[in-house]
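Everything in the sequence shown is counted per the numbering used here, starting at 504 for the first residue and increasing by one.
Step one of this worksheet: look at the structure below.
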Amino acid sequence: METTTESNKLLPLIGMTLSDLEVLAAEFTLPRFRAKQIAKWLYDKRVTSIDEMTDIPKGVREAMSKRYCVGRELPSLTTESIDGTKKYLFSCHDGNAVESVYIPEEDRATLCISSQKGCKMNCSFCMTGRQGFHGNLTAAQIVNQVLSIPESLALTNVVFMGMGEPLDNFEQVMKVIEIMTSPWGFAWSPKRVTVSSIGRLRELKRLAEETSVHIAISVHSPFHDERQQLMPVEKAFSVKDVMSLLRNYDFAHQRRLSVEYIMWNGVNDDIRHAEALEKLIRGTSARVNLIRFHAIPGSPLRTCPPEKMTAFRDALNDMGVLCTIRRSRGEDIMAACGMLAGKNKKSK
């Protein structure tokens, strides 16, 4: 691969949309059709150097290489779980790092990607939020997570469920979705992409209207005061308002709406919560994913016993809500839900 963008100050080409590449083509007095050729090299053929773009005139390639590079960078550390999950650490070259998680299953290969260095949301149960916020990732840094892992070509799904709140880095995330779902990009169906959010209303509305990707909303409690204690963002974006907004969109056919619900023992795991959750999502086609809490240092919250999670699931199913318990993956390598911290630790 080329020298890193940070070490030689070259600008990365990955992360550019077709309109960005058309501007670049004009910079080198190339006709517009060359932008699609460059996009094909980046996102279809997945080259790692400009010199590999052999249908671009050699003189232009040489000139481009003085200002730009492809921008691909391999992860600096890989950690593998006993269940086959892999966690990849990517350096941000500013003292920070982010993590993405590869989850292989029988018929799926999912990559959970990060959109920020840390997070502003400060949810009490999340390791990422505890480390604070250190900046947004660029579209290049986000799409590099997809392009530069060994399993890249085998991926069936990508979820924006890693470090950060995707809708807090909205424009860069939207560029990546455009790259993933456009014919000149990865040419993926939007059904292969899921964006998980706490529910920033203005950006959520745009995401629902301007894309067809799946949407997952982190709820964790159907009660305002209780959710606000767990998730301070409830004060600005109440989950009631989030669900009211999402009732305006069709999630029954080409896309899916999911509710993410981490369960804590004695906190949000009784029939009162199940009934309130059903009422909250009534009028939507949302399905509920119950998630086992993965204990983090210094947190008083405790994991909900399996029998309570099963009873909660069954209660929601009896109310007509499609509810499943998500299988926990990668806990032994700190790769499970809420455990990503972007720390450069040695692999066991």
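No residue lacks a Cβ here, since even glycine has one placed at the ideal position from N, Cα and C.
The C-beta of His723 has 16 or more other C-beta atoms within 10 Å across all chains shown, which makes the residue buried.
Residue pairing from DSSP places Ser603 in a beta bridge opposite Tyr591.
Here Leu819 carries a helix assignment [DSSP, helix/strand/coil]. In the displayed model, Asn639 falls within a strand according to three-state DSSP. Secondary structure note for Thr582: it is in no alpha helix (DSSP H), and the uninterrupted beta strand (DSSP E) holding it is 580 to 583.
Measuring C-alpha to C-alpha distances from Thr684 to each of Glu713, Thr641, Phe815 identifies Glu713 as the nearest. If you check the CB distance, Phe689 and Asp523 do not come in under 9 Å. Nearest C-alpha to Pro653 among Ile553, Leu577, Cys572: Leu577.
Contact between the stretch 579 to 592 and the stretch 631 to 638 is not established, with fewer than three Cβ pairs separated by less than 8 Å. In summary, Leu825 is exposed, with fewer than 16 beta-carbon neighbours lying within 10 Å of its beta-carbon over all protein chains present. As a beta-bridge residue in DSSP terms, Thr827 pairs with Asn792. Taking one beta carbon from each stretch, the stretch 697 to 710 and the stretch 545 to 562 have fewer than 3 pairs nearer than 8 Å; the two do not touch. For secondary structure counted as the alpha helix (DSSP H) over 4 or more consecutive residues, the stretch 639 to 727 holds these complete runs in sequence order: 642 to 650, 673 to 684, 704 to 713.
CA-CA distance, Leu760 to Ile720, rounds to 8 Å. Counting only residues of its own chain and dropping the five nearest sequence neighbours on each side, Asn599 has a CB closer than 8 Å to the CB of Lys620, Gly621, His637, Gly638, Gly845. The Cβ neighbour count for Ala657, taken over all protein chains shown within 10 Å, is under 16; the residue is labelled exposed.
Scanning its chain for C-beta atoms nearer than 7 Å, with the 5 sequence neighbours on each side dropped, one finds around Val646 the residues Ile517, Gly518, Val679, Ile682, in chain order. Among the bridge pairs identified by DSSP, Cys622 is matched with none. Judged by DSSP in its simplified three-state form, Ser617 adopts coil rather than helix or strand. Per DSSP, the beta bridge partners of Val762 are Ile720, Val791. Taken atom to atom, the span from the alpha-carbon of Arg611 to that of Thr659 is near 6 Å. Within the DSSP bridge table, the entry for Pro515 names Cys572 as partners. Here Thr631 is not bridged, per DSSP, to any residue.
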